[in-house]
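Report on the structure given below.
Protein chains: 2
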Amino acid sequence: MHRTRVRVVEDVLDANATIARANRADFERAGVRVVNLMSAPGAGKTTLLERSLARLGAGNGGPRIGVLEGDVQGTLDADRLASLHVPVVQVNTDPGFGGECHLDANMVRSALPALPLDRLDLLVIENVGNLVCPAEFRVGEDHRVMVASVTEGEDKPLKYPLMFRACELVLVNKIDLLPHLDFDLDRFLYNLDAVHPGVTRLLVSARTGEGLGAWCDWLRVAAG
Amino acid sequence: MHRTRVRVVEDVLDANATIARANRADFERAGVRVVNLMSAPGAGKTTLLERSLARLGAGNGGPRIGVLEGDVQGTLDADRLASLHVPVVQVNTDPGFGGECHLDANMVRSALPALPLDRLDLLVIENVGNLVCPAEFRVGEDHRVMVASVTEGEDKPLKYPLMFRACELVLVNKIDLLPHLDFDLDRFLYNLDAVHPGVTRLLVSARTGEGLGAWCDWLRVAAG
Chain L
6 MHRTRVRVVE DVLDANATIA RANRADFERA GVRVVNLMSA PGAGKTTLLE
56 RSLARLGAGN GGPRIGVLEG DVQGTLDADR LASLHVPVVQ VNTDPGFGGE
106 CHLDANMVRS ALPALPLDRL DLLVIENVGN LVCPAEFRVG EDHRVMVASV
156 TEGEDKPLKY PLMFRACELV LVNKIDLLPH LDFDLDRFLY NLDAVHPGVT
206 RLLVSARTGE GLGAWCDWLR VAAG
Chain V
6 MHRTRVRVVE DVLDANATIA RANRADFERA GVRVVNLMSA PGAGKTTLLE
56 RSLARLGAGN GGPRIGVLEG DVQGTLDADR LASLHVPVVQ VNTDPGFGGE
106 CHLDANMVRS ALPALPLDRL DLLVIENVGN LVCPAEFRVG EDHRVMVASV
156 TEGEDKPLKY PLMFRACELV LVNKIDLLPH LDFDLDRFLY NLDAVHPGVT
206 RLLVSARTGE GLGAWCDWLR VAAG
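Protein sequences, first through last, are from chains L and V. Just so you know, we're using our numbering here: the first sequence kicks off at 6 and counts up by one. Just so you know, we're using our numbering here: the second sequence kicks off at 6 and counts up by one.
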């Protein structure tokens with residue numbers, strides 16, 4: 006059974022890579038850059054986006070940014086972001102299965118017709134909250150960014166190395182809580198460097214706004 | 006492609022159910038009760054176990070409790086628990102694939118020979134940190150328990166309903182942080198009741214010990 010399963014997985018990843026390339030071609034044709042934003046559930050992706058898009062003036066004279074929201078069920082996050090008047094489309098991963106734990110290239114592809122790609126500088130894809138499978142499925146993005154909350158503990162890079170290696174930028178979020186946690190930031194960064202030496206990291210608090218300037222600068226550069 | 010994929014998924018779940026029944030028969034023969042403990046990454050499962058097993062005197066005259074640790078990679082959690090002198094075995098989900106995001110019945114089965122089931126009252130299976138797929142794979146357990154951290158936000162039951170429905174007990178952890186968060190506990194519990202009306206919930210802080218008495222009582226009853 007195991008060999009069959011590995012073959013099925015390889016076939017799935019091959020098919021995914023093909024569709025990811027098609028997405029990528031569409032993104033390039035439209036002149037839109039794409040960020041795949043990943044994290045564990047509750048690390049603060051949506052709040053970070055809310056605060057950053059408002060700060061950047063997206064939908065209000067700033068860079069033209071759209072969002073593709075991936076969730077197993079519901080439209081809670083899309084509803085939160087829609088109030089910013091940026092184009093938002095929701096993809097739910099539950100049809101046909103108990104719920105996929107990640108976005109794949111085909112799910113992203115199915116949502117593209119609902120987005121005005123030609124009129125966007127940047128598309129942010131908010132992936133399903135999960136530190137394993139999202140790292141294995143490219144969706145045609147230019148950049149992979151992850152959010153790690155300090156409430157999750159210092160050991161997470163060692164326990165989910167593929168995710169921490171897959172990203173070019175790690176946003177260390179909720180740093181406003183550091184005084185109330187037993188979290189050792191130096192040890193987290195040491196563990197991060199063990200699995201992805203020198204990866205860019207930004208310390209942020211979506212709640213207080215600390216560090217959001219640097220993250221918004223990064224988004225501005227990514228938007229081209 | 007979609008229909009093929011659904012069939013493959015159904016085959017995988019069928020095979021899983023068969024092996025889960027075999028595990029269950031082995032657990033019953035050995036007279037050991039089994040708890041499948043699930044959560045998002047960093048919700049505090051391992052710290053909860055460390056504190057609860059010490060408090061229960063497991064490995065020191067209390068109920069005889071063993072632990073099966075599921076992680077994509079590494080033995081960090083198993084190493085932490087081994088210091089309590091309880092039987093601990095580690096299952097890594099990464100061989101043969103980039104890393105499975107959940108334990109399945111076969112992975113659990115592969116680890117059983119390493120555990121002294123006949124000399125245990127209770128086996129706690131700490132699943133991979135993930136709010137999606139672990140809920141879909143029974144492993145032969147008697148009870149499914151999840152840990153939800155208050156740092157993850159009030160919306161999680163609505164976003165990951167299968168997980169919150171699959172469990173008979175929800176441990177709401179890290180309540181010592183409530184004064185420092187914008188987390189609305191009443192709204193979380195309202196959302197929890199929306200997807201799993203009346204499910205037992207215990208408010209706990211692994212860090213301060215608050216609420217651990219009730220959770221340890223639950224474990225004592227589960228151990229029989």
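Here a beta-carbon is modelled for each residue, glycine too, at the ideal position from N, C-alpha and C.
>> Just to confirm before moving on: does the CB-CB distance between residue 28(L) and residue 114(L) stay below 8 Å?
In response: yes
> Is residue 176(V) helix, strand or coil when you go by DSSP?
Replying inline: strand
> Relative to chain V, which residues along the stretch 27–58 of chain L have a C-beta separation below 7 Å, given in chain order?
Replying inline: 45, 46 and 47
>> Could you tell me the alpha carbon to alpha carbon distance between residue 15(V) and residue 141(V), rounded to whole angstroms?
In response: 11 Å
>> Whether or not the stretch 19–28 of chain L and the stretch 124–138 of chain L are in contact is what I'm after, with contact meaning three or more pairs of Cβ atoms, one per stretch, closer than 8 Å; do they touch?
In response: no
> Just how far apart, CA to CA, sit residue 42(L) and residue 167(L)?
Replying inline: 15 Å
> What is the DSSP secondary structure of residue 113(L), reduced to helix, strand or coil?
Replying inline: helix
> With which residues is residue 154(V) paired in a DSSP beta bridge?
Replying inline: 178(V)
> Is the CB of residue 221(V) under 8 Å away from at least one CB in chain L?
Replying inline: no
> Which term fits residue 90(V), buried or exposed, when burial requires 16 or more other beta carbons within 10 angstroms of its beta carbon?
Replying inline: exposed
> Is the CB-CB distance between residue 76(V) and residue 133(V) below 8 Å?
Replying inline: yes
> What does DSSP give as the partner residues of residue 41(V) in its beta bridges?
Replying inline: 130(V) and 149(V)
>> Can you tell me whether residue 75(V) is helix, strand or coil according to DSSP?
In response: strand
> Would DSSP call residue 51(V) helix, strand or coil?
Replying inline: helix
> Using DSSP with H/G/I as helix, E/B as strand and the rest coil, what is residue 192(V)?
Replying inline: helix
>> Against chain L, does residue 6(V) count as a neighbour if the rule is that its beta carbon must be under 8 Å from one of theirs?
In response: Bear in mind that a pLDDT of 41 at residue 6(V), under 50, signals an unreliable position, so the number given afterwards is only what the model happens to contain. Interface residue, yes.
>> Only counting the same chain, and skipping five residues up and downstream in sequence, which positions put a Cβ closer than 6 Å to that of residue 94(V)?
In response: 73, 116, 119 and 120
> Which value, in whole angstroms, describes the spacing of the CA atoms of residue 6(V) and residue 44(L)?
Replying inline: Legend: pLDDT at residue 6(V) = 41, less than 50; position of this residue unreliable, value from coordinates given subsequently. So the two alpha carbons sit approximately 28 Å from each other.
> How about the stretch 175–184 of chain L and the stretch 199–212 of chain L: do they share at least three Cβ pairs that are nearer than 8 Å?
Replying inline: yes
> Closest Cβ-Cβ distance between residue 217(V) and chain L: below 8 Å?
Replying inline: no
>> Any C-beta of chain L within less than 9 Å: which residues of the stretch 195–214 of chain V qualify?
In response: 212
>> I need the DSSP call for residue 217(V), collapsed to helix, strand or coil.
In response: helix
> Within 8 Å (strictly less), CB to CB, does residue 90(L) reach chain V?
Replying inline: no
> Counting contacts by CB-CB distance shorter than 8 Å, is residue 187(L) in contact with chain V?
Replying inline: yes
> Quick one, which residues of the stretch 69–88 of chain L are near chain V if we go by CB-CB under 7 Å, in chain order?
Replying inline: 76, 77, 78, 79 and 81
> Going straight from the alpha carbon of residue 219(V) to that of residue 159(L), what length do you get?
Replying inline: 28 Å
> When you check each C-beta in the stretch 150–178 of chain V against every C-beta of chain L, which residues fall closer than 8 Å?
Replying inline: 154, 156, 157, 158, 160, 161, 163, 164, 165, 166 and 167
> Whose C-alpha, out of 163(L), 127(L), 38(L) and 32(L), is nearest the C-alpha of residue 192(L)?
Replying inline: 163(L)
> Is residue 211(L) near residue 56(L), with beta carbons less than 8 Å apart?
Replying inline: yes
> If you drop the 5 nearest sequence neighbours on each side, which residues of the same chain put their C-beta closer than 7 Å to that of residue 156(L)?
Replying inline: 179, 182 and 186
> Can you list, in chain order, the residues of its chain whose CB lies under 7 Å from that of residue 170(L), leaving out five sequence neighbours each side?
Replying inline: 200 and 201
>> Please report the straight-line C-alpha distance between residue 215(L) and residue 148(L), rounded to a whole angstrom.
In response: 23 Å
>> Relative to the C-alpha of residue 37(L), which candidate in 122(L), 96(L), 12(L) and 130(L) has its C-alpha closest?
In response: 122(L)
>> Per DSSP, what are the beta-bridge partners of residue 206(L) in this structure?
In response: 175(L)
> Which same chain residues, not among the five before or five after residue 106(L), have their C-beta less than 7 Å away from its C-beta?
Replying inline: 133, 135 and 138
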